[in-house]
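Protein chains in written order, with the working numbering: chain A, 1 to 261; chain B, 1 to 321.
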Amino acid sequence: MIEIQDLTVRAGAREILRDISVSIPRGKWTCLVGPNGAGKTTLLKALLGMNAYSGTIKDNGVEVFKDSKRNVAFVPQSPQIPSGMSVAEYVMLGRSKRDGWGKESTKSRALVSEILRQTQLFGMQSQLVIQLSGGEMQRALIARALAQEPELILLDEPTSALDLHHQIAVLNNIEMLKDRGVTIISTMHDITLAAMYAENIVVMRDGRVSLSGPVSEVIHSPELKDAFDNRISVYTLDSGRPVIVAAKDSSSEREIPQKEV
Amino acid sequence: MAVALLLGVGLLGVSFGPIHLHFDQIVKTLVGAPGGLKGQDRTLLLDLRLPRVILAALVGGALATSGAVYQTVFRNPLADPYLLGVAAGAGLGATLAFTTTGGNVYGLLPIFSFVGGILAVLTSFFISGKFFAEPNTLLLSGIAVGSFATAIQTYLQQRHSDALRPVYSWILGELTAANWRVVGWSSIYILSSIAILISISKQLDGLMLSDEEAYSLGINPHRLRIIAVVAATLATATAVSASGLIGFVGIVVPHLVRGLTRRVTNRSLATIAFAGAAFLVLADLGARTLLSPAELPIGVITAFVGAPFFLFVLRNRRMVR
């Protein structure tokens, strides 16, 4: 479990996160959802343990900023793209914490080629990362995170700015991590996709957590709608899968029989 | 290869000048074998040309390495080592040395410009507030401090028009004051700074990513940025106080090496250091011999090469990627 107690994060005088207390299960995929400005990214970064916070964030019982051995991968929404670096070198950076910076073990090289294959980047390994398209860059980021063999991966909007086809490809790549027992925490603006892949949802609003729990419980809750000012509608498909769309009025939940394509 | 290049141009550098010295005699003199240079020629080699070539190599190595590191730290391919106000601060220090001491300025000039350069960078750090939390803020405060120092410098020059000429020639860069004493103190700062930068060069890859990514890969980005910028600034300030403002080396050399090696800039820092050293020794040779016996300011030569190089980079954008 990752236990967060009375977490407050400030930027200057402003409190971005206020007295958050929530537990996030390990080995599962947890999605942080909420409107823009709710503090999702800030919570994600706090879980990394790099920036100052008050309160406690304990991962396996250890305060996150004190644990230098913790192997956490971070996939930002808009990465800094290094100039002059090839795709293979970029993915290899994920091995730095294990091998030491600038060193490449034989095991790492084999692992990286395997990952490049899994993420459909194998033909592009000597291309410069700066020349990659949005979808390819996102895959390169995921590939680097895979190379890290992390215990926890934090992803900030991993599917934003991708078309549907690439969204699914990236989410499937992330799901591979879950199958290996990695804890996944991501923010996602598309709640339908979040409900499709994640097992747990944390609903945020105005720097607070309004609800958290398994997808099935959270998705039909009034708190989720409230977080979005009742401007969303939740439909349930025949398969039982929820679909969340924007609503003009504050209409309540409806059951409309539909066939899934 | 870069080492061989440096030794080669070094030999050219000590050989050519208003008086030509033969290669075999130079080598014999340097290794202490019989048949070496004697009398005035020996003095010319050991006390004038050799310290000058070594100083050019040190300054070139310092500027090229610092330039490459600044480009990585500030994630800007056109960053140069004078960014954080070192140049303007050192310029102000030099102007003060010329205007306040009048006579023998050369004893004080390096100290004044070194202190001026370091003070300017410290002021930039101070103004930018959070130490290195945001590299762009530091960059902007460097520009502000630089403009401020330049304004004072211009004012002082207006008031003391007699200082105009020596300050101007110093701004264009000069290695004429080279002697073993200057080589001695500048080599301590420059070589140790370069050694520090090369030792952290692998981790500098991490600074090309966002801070969160770097942190997740096991790097403390704030601390690494401080070490990198302090070492690069120390090398630059030393180079400036020993030889004035020599432009373009810090931009041209890292990009040239990168274009040739096709590697990420900070992964070839040692090559960049040697290439920078060779470049400046060659530029100094040009400065001494093109209009011999008159001497061109070395900054004219480096800018002469540097400006067309920018056009080349613009036409060949792959190199800045």
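Don't be surprised by glycine CBs; every beta carbon is placed ideally from N, CA and C.
This one's a predicted model, so the numbers in the text were calculated from it and none came from an experiment.
I'd like to know whether the C-beta of A/M50 is nearer than 8 Å to at least one C-beta of chain B.
yes
For B/A56 and B/L46, the rounded distance between their alpha carbons:
15 Å
Let me confirm a value: A/M1 is counted as buried when at least 16 other C-beta atoms fall within 10 Å, else exposed. Which label applies?
exposed
In angstroms with no decimal places, state the Cα-to-Cα distance between B/N76 and B/L207.
12 Å
Would you say A/V72 and A/R144 are within 8 Å of each other, going by their C-beta atoms?
no
Report the neighbours of A/G102 on chain B: residues whose CB is nearer than 9 Å to its CB, in chain order.
S201, K202, Q203, D205 and R267
Got a sec, what are the start and stop residues for the alpha helix (DSSP H) B/G93 sits in?
V86 to T101
What is the rounded straight-line gap between the Cα of B/F248 and the Cα of B/A228?
20 Å
Could you give the distance in angstroms between the alpha-carbon of A/S68 and the alpha-carbon of B/G218?
C-alpha separation (whole angstroms): 8 Å.
Rounded distance between the beta-carbons of A/I16 and A/V22, thought under 8 Å
Contact flag wrong, Cβ pair sits at about 16 Å.
Contact check, B/A120 vs B/A88, beta carbons under 8 Å:
yes
As assigned by DSSP and simplified to three states, the class of A/S23:
strand
Can you list the residues of chain A that B/S210 reaches, using a CB-CB cut of under 9 Å?
F74, P76, S78, P79 and Q80
For A/M85, would you say it is in contact with chain B, using Cβ-to-Cβ distances shorter than 8 Å as the test?
Yes, because at least one Cβ of chain B sits closer than 8 Å to the Cβ of A/M85.
In the DSSP assignment, find the beta strand (DSSP E) that holds A/N200 and state where it starts and stops.
N200 to R205
Whether A/M50 touches B/D211 by CB criterion (8 Å):
Contact flag set, yes.
What residue range does the beta strand (DSSP E) around A/K262 cover?
Within the shown structure, residues of chain A are numbered from 1 to 261, placing residue 262 of chain A beyond reach of any answer.
Where the beta strand (DSSP E) through B/E295 begins and ends:
Careful: B/E295 lies outside any beta strand (DSSP E) and carries neither H nor E.
Please tell me whether A/L7 has its Cβ less than 8 Å away from any Cβ of chain B.
no
May I have the straight-line CA-CA distance separating B/A303 from A/L93, to the nearest angstrom?
For B/A303 and A/L93, the distance between alpha carbons rounds to 37 Å.
From the DSSP output, which residues share a beta bridge with A/E15?
Per DSSP, the beta-bridge partners of A/E15 are A/R10.
Take the Cβ of B/F274 as the centre, count every other Cβ of all protein chains shown within 10 Å, and call the residue buried at 16 or more, exposed below.
buried
Could you work out which residues of chain A lie near B/V264, taking near to mean beta carbons separated by less than 9 Å?
P82, S83, G84, M85, S86 and E89
Chain-ordered neighbours of B/L217 on chain A, where CB pairs are closer than 8 Å:
L93, G94, S96, K97 and Q148
Curious, which full-length alpha helix (DSSP H) runs of at least 4 residues does the region 76-163 of chain A contain?
87-92, 96-99, 106-118 and 134-147
Would the region 261-278 of chain B count as touching the region 190-210 of chain B if we require 3 or more Cβ pairs under 8 Å?
yes
For B/R225, would you say it is in contact with chain A, using Cβ-to-Cβ distances shorter than 8 Å as the test?
no
Would you say A/K45 lies against chain B (beta-carbon separation less than 8 Å)?
yes
What's the gap between the Cα of A/V64 and the Cα of B/G250?
When rounded, the distance between both Cα atoms is 40 Å.
Can you name the residues of chain A whose CB is closer than 7 Å to the CB of B/R258?
G84
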